[in-house]
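Asks: Note that the sequence shown covers residues 6 to 94 in our numbering. Glycine included, every Cβ here is placed at the ideal spot set by N, Cα and C. Remember, it's a predicted structure, so these values are computed and weren't measured experimentally.
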Amino acid sequence: TLLQTAVGDAGGASADSAQAMLVTLWNVAMAGGGIVGGILLDTLGSGSFPWAVVLLLLPVIAVVLYARRAGFPARRPVAAPAGDADPTA
């Protein structure tokens, strides 16, 4: 996926560790969402879900806008196929 590609690119030589961290954080987020959703449902009812989503989107949008430059550079370097001669030589 694009997220995994961005994490691998940003991780560079430590791409394997970055991928492991991505999977771990994804699992923690899924569990945390269930816990927070259960607490909201139990204490405030289902009417609290839309407001919780709005509050969650604000920091998410900030992170996406900030991280876009690091994870998705404007241009990706294109490697020449193996065995091709250098056109500048």
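Just to check my reading of the structure: A34 and A23 have Cβ atoms closer than 8 Å, yes? What is that Cβ distance to the nearest angstrom?
Replies: With 8 Å as the limit, A34 and A23 do not qualify as a contact, their Cβ atoms being about 16 Å apart.
Asks: If we call anything under 8 Å between Cβ atoms a contact, is Q9 one with L30?
Replies: No.
Asks: Leaving out five residues before and five after A57 in sequence, what residues of the same chain have Cβ atoms less than 7 Å from its Cβ?
Replies: Once the five neighbours on either side are set aside, the close Cβ partners of A57 are L45.
Asks: Quick check: the Cα distance between L7 and G17, rounded to an integer number of angstroms?
Replies: Cα to Cα, L7 sits roughly 16 Å from G17.
Asks: Using the C-alpha atoms, what's the distance from D21 back to P55?
Replies: Using only the alpha carbons, I get a separation of about 36 Å.
Asks: On the criterion of 16 or more Cβ atoms from any shown chain inside 10 Å, does V12 qualify as buried, or is it exposed?
Replies: Result: buried.
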